[in-house]
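Residue numbers (this note's numbering): 274 to 567. This report concerns only the one structure given below.
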DNA sequence: ATCCGGCTAA
DNA sequence: TTAGCTGGAT
């Protein structure tokens, strides 16, 4: 049972969000920046940072000319700062090896740092209007429900979902690109994880509705903890270095997590390993690339 | 508590 | 294939 393109696109025209990276004239590089920021991060938190970044780094070479520390500071509290580091590296590769432009084909996009299965296809579709299946968490949920009649996606592999969406895409290329955006939008606004707004859903047919909205069967998703984890400690350590204007003493870092010194040391070490921070010759700590020119 | 337009290393 | 990675809003 297909997901009706006419109904979905009509709804997207009237009810789709006017997101800044969907405006006409936004470059592929700027769309790529938005996609990296949107990985695991809500739209409302990304939008203001993205607006700053498109002005500050309108082309890859502009970002490549900035230091890692500058990029990490501008990243602010978006979270998962390894994304910022990879985007910076990506900008360097684009500037040096691709003539300061974003490649169009999925295979090449996949080879770039920080770009995986979702982001490569998102850029190919949203920046270049190609007919490529784009599968994110929203699309997986919509397909699981409307197509297969399941409350939630089953296996974590997206291979099946890519094949499903490939089948769903309209043959007309620009129409297929809009269909992908609309499918994601439906999952973000209507077919949400909790309390889906089925009464507002534009789809004339939905296998999940027709099955009586059965509950999810199978293992529950693992809950991702945050409080008390190394991630929280890393976040606190990074915050100290972001807010400082230069290298800081070890003691400045120690005070943000005084309880568990073993965990604190482990977190600090992992930041060094990830290349997010560095230690100066005199033993002070700083954001990566703090000393390099930008 | 739960959810965000995932990627990478192992 | 899975674990680990951030932080804010609801």
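We treat Cβ as the ideally placed atom computed from N, Cα and C, and that holds for glycine. Small disclaimer: the values here were computed from a predicted structure and weren't measured.
So the beta strand (DSSP E) residue i belongs to, where does it begin and stop?
i           : result
residue 551 : 550 to 552
residue 558 : 558 to 560
Does the beta-carbon distance from residue i to residue j come in below 9 Å?
i           : j           : result
residue 549 : residue 560 : yes
residue 404 : residue 444 : yes
residue 460 : residue 396 : no
residue 280 : residue 475 : yes
residue 513 : residue 540 : no
residue 425 : residue 285 : no
residue 367 : residue 379 : no
residue 386 : residue 359 : yes
residue 295 : residue 454 : yes
residue 524 : residue 464 : no
residue 356 : residue 312 : yes
residue 510 : residue 530 : yes
residue 301 : residue 401 : yes
residue 329 : residue 347 : yes
residue 351 : residue 318 : yes
residue 398 : residue 335 : no
residue 282 : residue 448 : yes
residue 537 : residue 547 : no
Please classify residue i as buried or exposed, where buried requires at least 16 other C-beta atoms within 10 Å of its C-beta.
i           : result
residue 361 : buried
residue 266 : With the chain running from 274 to 567 in the structure shown, residue 266 is simply not present.
residue 442 : buried
residue 408 : buried
residue 452 : buried
residue 430 : exposed
residue 563 : buried
residue 468 : exposed
residue 339 : buried
residue 354 : buried
residue 437 : buried
residue 522 : exposed
residue 411 : buried
Starting from residue i, trace the alpha helix (DSSP H) in both directions and tell me its first and last residue.
i           : result
residue 414 : 410 to 415
residue 450 : 446 to 462
residue 376 : That residue, residue 376, is in no alpha helix (DSSP H); it is neither H nor E in DSSP.
residue 286 : 278 to 288
residue 391 : 390 to 399
residue 355 : 355 to 370
residue 311 : 301 to 311
residue 348 : 341 to 348
residue 436 : 432 to 441
Mind checking whether the beta-carbon of residue i lies closer than 8 Å to any heavy atom of the ligand GTP?
i           : result
residue 554 : Of the ligands one can find in the structure shown there are none, so the ligand GTP has no counterpart to examine.
*Unbroken alpha helix (DSSP H) runs of length 4 or more, entirely within the segment 468 to 547: which are they?*
480 to 483, 503 to 516, 523 to 527, 534 to 547
*Taking contact to mean at least 3 C-beta pairs separated by less than 8 Å, is the segment 308 to 326 in contact with the segment 517 to 527?*
no
*Is it true that the segment 477 to 485 meets the segment 304 to 316, where meeting means three or more beta-carbon pairs spaced less than 8 Å apart?*
no
*Taking only runs that begin and end inside the segment 313 to 341, name each unbroken alpha helix (DSSP H) of 4 or more residues, in chain order.*
316 to 329, 333 to 337
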